[in-house]
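One structure is given here, and the rest of the page talks about it.
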Amino acid sequence: MQMKSRALAPFAFDLLPLGSVQPRGWIRDQLKLCAEGLGGNLYNFHRFVKDSSWLGGDVEYSPLRESAPYWYNYIVPLAYILDDNELKKQANQFLDRILKNQHADGWIGPEHTKHGRGIWARCLVLMGMVNHAVADPAQYNRIVEAMLSFTKLANSMLKDNFQGLIPHPGDEFDEFCITRAHELSTSLQWLYDQVENRQDKILIWDTMDLAWEASRVGDRDWSKFFTEEQFPKKPAAPGSTLMKHVVNVSEALRYMPQLYRMTHDPELVAHTRQSVDMVFKYHGTTFGAISGDEFLAGLHPRRGAELCGTAELIFSLSYMYRLFGDNSYADRAELATFNGLPAGMTEDWWAHNYLTQSNEVWARNLENWPFYNCGGRALVYGLEVNYPCCLVNHSQALPKFAMNAFVASPDLRFIAHQFLVPAEAKIPVTGRRPIYIISETHYPFDEKLSYEVETDQAFEFYIRVPEWATKGTTINRASGNEETKEETIEVDANNLYKIAIAPGKTAFTITLNAEIRVVPRPNNAVAIYRGALLYAMEIPHKAKVGPPTHFAERKPLPDAEYSPKLCDVEYTPTADWRVAIDPSQMHFHRSEVKGNLPNPVFASGAPPVSINVAGTKISNWELEGDCAGLPPANPAATGKPFGVKLVPFASAKLHISEFPVVDLSKDKVNLQSRRPSHGHCVLM
């Protein structure tokens, strides 16, 4: 495909310099748990990072040598968004080593032979280097120089029959490289905008062009995959192509957006939206992730969503929103971040699972599992419960999401609150004092967002209003000693509400209008949402704790290989989970919160919000193998109706989020005065 222009299409919103946006409240608590848990400690104890070939060791779980690159890709934003000196030290030590050992021909990494040089893991390192250069100006020049040197080599490799992306006989890497070829342009597009030398620009552009051509020659053109004719509408069958691999699909959602930046082809904008809608139509979960237990898995609630895929999905959706300004991408990113991501972690962030199910009735070693090839331990929480990609990659999701909280135009004529989490921004302005913005909120556990702005210059401030809140959302403006007045807001075509900010101090409060939403699921089932949270019934359960287990050998790891805080955790139910609900009888409840939200906010019983719904036990919901079967279309009620307490999905490790529906209109249940049943966990 011939590129129409040598200028990149601009983003609708630019990222602010890494570190200028700081998380507050509950999301800062979550990021600190990540830093104090697996995310911030792998460098200190885990062999796939500290003993990686990138750091002078010889331990890798894959010939792609991806573990340390995955780690570096997340440790930089995690370190700088928390302003954590220990994590910055880790990132700097890694950067120092790879730049010191950059090969004379420009290659970055430990590989010394042509057959070992797969380009894709470099894409992860380059993404980390871009964030590092932006966050720490002292690193900028040497990073740009190193990236240019590598680009010259990559250009020559790709001109030689697409070496490094398309595997050739004797190559150690596999087809994951060519399947993810578009990720090279993720960072090279940034580099293109940094350099001024014409020859450097030509080199970078041509290298990206070669990567796109490699994807077409290698039969990995994702624009052809995301079509009604080619896209798989059913779960992937054994032996499927890597284009049906859920992590590849999550990353490939950026294929057309990144190509659009170079071609300016408006059809790619519409095609991107169609691809996202298609993925979720045929493989969407209740909790915002893509169903894929290694490969695309359809809509059955017993199939799993891979944590690594969820992390990549959040990054892709964030990127796409910044580029196009399509509100649906931001809504989907929030849904996955507030539901799917934390559901995959224990409350202290010291253990993760490999898969999360919409209806998860236990998280134990399964004998008769329904997954593509993930095995029986995929639902267990631990260190190496399955292939280690989720271990070294899950921590990229939350810091990259948080650094997108506030975005802006390059000239700061407008600034926007993109993801509505509590955050503050200190935005540097040439020749003037910085712009200060603070958003105080418990969102998504509350709908009120209070803002304080201080600036020497006027600008337009935009607040992204979720699709579910576009009607009835209000603003309260503080104006001196006068009484505040509540007004209903009107959003523009992009679901943005604009406020003109004058020099000085400005304060106002936005209250989003959230209502309970009942969303149809297959076989007459329903899922229950309010705002950006999915609500589920927590199944009472007990936890069995054991030592961390080797992902392949399935035996306990030697003590020297893990932190004493690590363990593998299995959850088994202590009560019946076969419940149907009547969604015509529901009541939302919020407990009063004075000060900060509980920490960890996703611990069982911690969120201050719940929904009480009329329900009944049923007799005809069967197991399919070792998992809950499809919710029955015509549930057979047993016993008297009762109140069922639904809680935020991520706080319920065992849960039902796709419910069969019954009509209980003849048996009204008082949902406001009685305390409905709810789950809890007992350690064993």
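Per the working numbering, residue 69 is the first one in the sequence shown, and the count goes up by one each step.
Where is the CB? At the ideal position from N, CA and C, for every residue including glycine.
Nothing here was measured: the structure is a model prediction, and the numbers come from that model.
- Counting only the Cα atoms, Ala172 lies some 44 Å from Thr414.
- The beta carbon of Gln740 lies closer than 6 Å to those of His655 in the same chain, with the five residues before and after it left out.
- For Asp268, the enclosing alpha helix (DSSP H) has its first and last residue at 266-285.
- Where Thr247 is concerned, the enclosing alpha helix (DSSP H) starts and stops at 244-247.
- Secondary-structure assignment with DSSP links Arg500 through a beta bridge to Val497.
- Looking from the CA of Glu128, the closest CA among Gly711, Pro615, Cys457 belongs to Cys457.
- Rounded to whole angstroms, the separation of the alpha carbons of Asp97 and Asp228 is 49 Å.
- Residue state for Ile166 is assigned as helix, using DSSP reduced to three classes.
- Taking one beta carbon from each stretch, the stretch 374-391 and the stretch 309-322 have 3 or more pairs nearer than 8 Å; the two touch.
- Distance from the CA atom of Ala357 to the CA atom of Arg341, rounded to whole angstroms, is 16 Å.
- Following the DSSP letters along the chain, one finds Met330 inside the alpha helix (DSSP H) bounded by residues 323-331.
- Scanning its chain for C-beta atoms nearer than 7 Å, with the 5 sequence neighbours on each side dropped, one finds no residue around His180.
- Of all C-beta pairs linking the stretch 322-339 to the stretch 282-298, three or more are shorter than 8 Å, placing the two stretches in contact.
- Annotated three-state conformation of Leu601 is strand, per DSSP.
- Secondary structure at Leu459: helix, using DSSP grouped into helix, strand and coil.
- Contact check between the stretch 520-527 and the stretch 498-508: three or more CB pairs, one atom from each, fall below 8 Å, which counts as touching.
- In this structure, the alpha-carbon of Thr254 lies about 34 Å from that of Leu580.
- Secondary structure note for Glu319: it is in no beta strand (DSSP E), and the uninterrupted alpha helix (DSSP H) holding it is 314-320.
- By a beta-carbon distance limit of 8 Å, Asp636 contacts Val448. Their separation comes to about 6 Å.
- According to the DSSP assignment, Pro334 belongs to no beta strand (DSSP E) but to the alpha helix (DSSP H) extending over 334-351.
- In the DSSP assignment, Met471 falls outside any beta strand (DSSP E) and carries neither an H nor an E.
- Boundaries of the alpha helix (DSSP H) around Met195: 188-203.
- DSSP, read as helix, strand or coil, puts Gly108 in helix.
- Following the DSSP letters along the chain, one finds Lys182 in no beta strand (DSSP E), marked with neither H nor E.
- DSSP places Gly540 in no alpha helix (DSSP H); its state is neither H nor E.
- According to DSSP, Lys573 shares a beta bridge with Glu522.
- Between the alpha carbons of Gln158 and Tyr389 lies a distance of about 31 Å.
- For the pair Val489 and Thr509, the CB atoms are nearer than the 9 Å cut-off.
- Val712 is classed as buried because its beta carbon has at least 16 other beta carbons within 10 Å across all chains shown.
- One Cα belongs to Leu76, the other to Gly352, and the distance between them is close to 32 Å.
- By DSSP's assignment, Val475 forms a beta bridge with Leu83, Ala484.
- Distances from the CA of Asp731 to each of Ile686, Ala720, Glu692, Val715 were compared; the closest alpha carbon is that of Ile686.
- A direct Cα-to-Cα measurement between Ala484 and Ala568 gives close to 12 Å.
- Taking C-beta separations shorter than 6 Å and ignoring five residues to either side along the sequence, Glu104 has no partners in its chain.
- With fewer than three CB-CB distances shorter than 8 Å, the stretch 116-126 does not count as touching the stretch 465-474.
- Per DSSP, Ile95 has no beta-bridge partner at all.
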